[in-house]
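In C-alpha cells, the structure reads:
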C-alpha cells in the first residue's frame, strides 16, 4: 500500500460548484485559505476556471479522487446536493480515504441521516438554515441571526426606540428584557464591547445575546 501523504493543514477541497459549493469556495479563496474545487460539469469548470483553482473530475470515482490528491487535504466539503446517489458515493469515498474532516451538504433530514451514518463529520442544510435566518430577520429589527444550542442565540440588530439615547445601565435592558447587549457599533466608529455606561444611539448596530424567544420579543419592539 502506498504511504499516505500528510494532510495539507488548512487546505480545503470543495467538491461540487453549484450555488452552495461555488459560494463557499469563492469565500475561502477571498479570506486567504488554500482551496481546490472539483466539478464534473464542463460548463461550470469553464465558468469558474478564471476565478478558482478548479479540476474537472468525477468525484464518485475513488480513483479520480486519489489522482487529484484528495487524501492530502485536511478538510473536504461535499457540496453536491441535487443527486443523493452522487453525494453518498463521494462521501463514502472520502470516509474510506480517512479524510480528517468531511463536511457534507444535505437537502433533507433523510439525506443528512444517511450522510452521518456513512461517516460524514459535519452535515449542513444550507437552504433550511438560510430560510430560518431570513424568517427571523424579516420579523423585526434583526440584521443577522445565529442560533447556538439550547435556544441560546446571538443577533445583530437595530436598537429599539426606547433604548436610543440612553446608556445600557439606564435602559436596564438585561433586567427588563432578559437579554444581554454584548457590543455596539456606531457608524464610522470602531466596535465597542458594551458596558453599563455604553450609550446607544439611533444609528447604531447592537450585538445582543440571550434566549431566542426573548430576543424575538426584544427585536419586535418599536
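In mature numbering (1 follows the signal peptide of the UniProt record, and there is no 0), the protein residues as written are -25 to -1, 1 to 197.
Just so you know, even glycine gets a beta-carbon here, dropped at the ideal spot from N, CA and C.
- Bounds of the alpha helix (DSSP H) holding residue 66 are 59 to 71.
- In the three-state reduction of the DSSP assignment, residue 158 falls in the strand class.
- Annotation for residue 20: the continuous alpha helix (DSSP H) segment containing it runs 17 to 23.
- Nearest C-alpha to residue 54 among 75, 79, 35, 61: 79.
- Between residue 155 and residue 130, the gap from beta carbon to beta carbon reaches 8 Å or more.
- In the three-state scheme derived from DSSP, where H, G and I count as helix and E and B as strand, residue 97 is classed as strand.
- Note that the C-beta distance between residue 45 and residue -13 is below 8 Å.
- DSSP places residue 41 within a helical segment (H, G or I) once states are collapsed to three.
- At a cut-off of 4 residues, the continuous stretches assigned as alpha helix (DSSP H) that sit fully inside the stretch 134 to 188 are 143 to 146, 148 to 152.
- Using a C-beta cut-off of 8 Å, the stretch 14 to 25 makes no contact with the stretch 65 to 84, since fewer than three inter-stretch Cβ pairs fall below that distance.
- Residue -6 counts as buried, since at least 16 other C-beta atoms from the protein chains shown sit within 10 angstroms of its C-beta.
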